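K.L.:
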Amino acid sequence: MTTPRPPIPAATELLAKAIVDSAIAVHRELGPGLLESVYEQCLCHELAQRDVPWRSQVTLPIVYKGLRLESGLRLDLLVGDAVVVEIKSVDALLPLHEAQVLTYLRLSQRRLGLLINFNVRLLKDGIRRLVL
Numbered sequence: 003m004t005t006p007r008p009p010i011p012a013a014t015e016l017l018a019k020a021i022v023d024s025a026i027a028v029h030r031e032l033g034p035g036l037l038e039s040v041y042e043q044c045l046c047h048e049l050a051q052r053d054v055p056w057r058s059q060v061t062l063p064i065v066y067k068g069l070r071l072e073s074g075l076r077l078d079l080l081v082g083d084a085v086v087v088e089i090k091s092v093d094a095l096l097p098l099h100e101a102q103v104l105t106y107l108r109l110s111q112r113r114l115g116l117l118i119n120f121n122v123r124l125l126k127d128g129i130r131r132l133v134l
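Taking our numbering, I'd label the letters of the sequence shown as residues 3 to 134.
1) Taking the C-alpha atoms as reference points, what is the distance between cysteine 44 and isoleucine 118?
2) Answer yes if the region 73–91 comes into contact with the region 101–120, meaning at least three C-beta pairs across the two stretches below 8 angstroms, and no otherwise.
3) Out of Thr14, His29, Phe120, point me to the one whose CA is closest to isoleucine 89's CA.
4) Who are the Cβ neighbours of leucine 48 in its own chain at under 6 angstroms, not counting the five residues just before and after it?
5) Just the Cα atoms here: how many angstroms apart are leucine 75 and leucine 109?
6) Please state whether the Cβ-Cβ distance between leucine 17 and valine 54 is less than 8 angstroms.
7) Could you tell me if serine 91 is buried or exposed, where buried requires 16 or more neighbouring beta carbons within 10 angstroms of its beta carbon?
8) From arginine 70 to threonine 105, what distance separates their C-alpha atoms?
9) Closest to glutamine 51 by CA distance: which of Glu100, Glu15, Ala20 is it?
10) Fully enclosed by the region 95–132, which beta strand (DSSP E) runs are 3 residues long or longer?
11) Can the beta-carbon of leucine 107 be found less than 8 angstroms from the beta-carbon of leucine 132?
12) To the nearest angstrom, report how far apart threonine 5 and leucine 134 are at their CA atoms.
13) By Cβ distance below 8 angstroms, which residues in the same chain neighbour glutamate 42 in space, the five residues on each side in sequence not counted?
Here it is as structure tokens:
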């Protein structure tokens with residue numbers, strides 16, 4: 003029998019809402035079809051305008067049997083030191099993309115991740131919430 007996980011803290015939920023609201027604002031302004039790096043920069047700007055703390059391209063080391071590997075894994079965004087954000091601009095989100103975010107959550111010891119695909123007509127169709 004598995005032990006139920008505690009709910010995501012309210013402060014983390016507020017960060018997630020701010021991220022989604024910011025992403026929607028970016029998508030309304032720019033629409034689909036641009037590079038991920040463009041959306042990342044604009045999302046960071048939008049978060050900063052809302053006084054939401056964030057870090058971009060956060061290096062995520064891997065520790066294997068006590069050996070620290072500088073793997074080259076990078077989180078697109080870590081918001082409020084709590085929410086992992088992976089930005090995509092692809093035709094369709096795949097299970098591989100969700101697995102990537104879940105791996106980032108596990109390795110970073112965070113519980114909430116948002117996978118955001120900006121290459122959609124309606125952004126709500128491009129957002130996946132992933133919880134560990």
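Glycine included, each C-beta is placed from N, C-alpha and C at the ideal position.
These figures come from a predicted structure and were not determined experimentally.
P.N.:
The short version:
1) Distance between the alpha carbons of cysteine 44 and isoleucine 118: 13 angstroms.
2) For the pair of segments examined, the region 101–120 was found to touch the region 73–91: the number of CB pairs separated by less than 8 angstroms reaches three.
3) Its Cα nearest to that of isoleucine 89, the residue Phe120 stands out among Thr14, His29, Phe120.
4) The question names leucine, but residue 48 in the sequence shown is glutamate. Same-chain partners within the cutoff: Ser24, Ala27, Val28.
5) If I take the Cα positions, the gap works out to 10 angstroms.
6) Closer than 8 angstroms, so yes.
7) Burial call: buried.
8) C-alpha of arginine 70 to C-alpha of threonine 105: approximately 17 angstroms in a straight line.
9) That would be Ala20, whose Cα lies nearest to the Cα of glutamine 51.
10) Look at the region 95–132 and you find these whole runs of beta strand (DSSP E), each 3 residues long or longer: 114–119.
11) Result yes, Cβ atoms of leucine 107 and leucine 132 sit closer than 8 angstroms.
12) Going by the C-alpha atoms only, they are around 13 angstroms apart.
13) Once the five neighbours on either side are set aside, the close Cβ partners of glutamate 42 are Ser58, Asp78, Leu79, Ile89.
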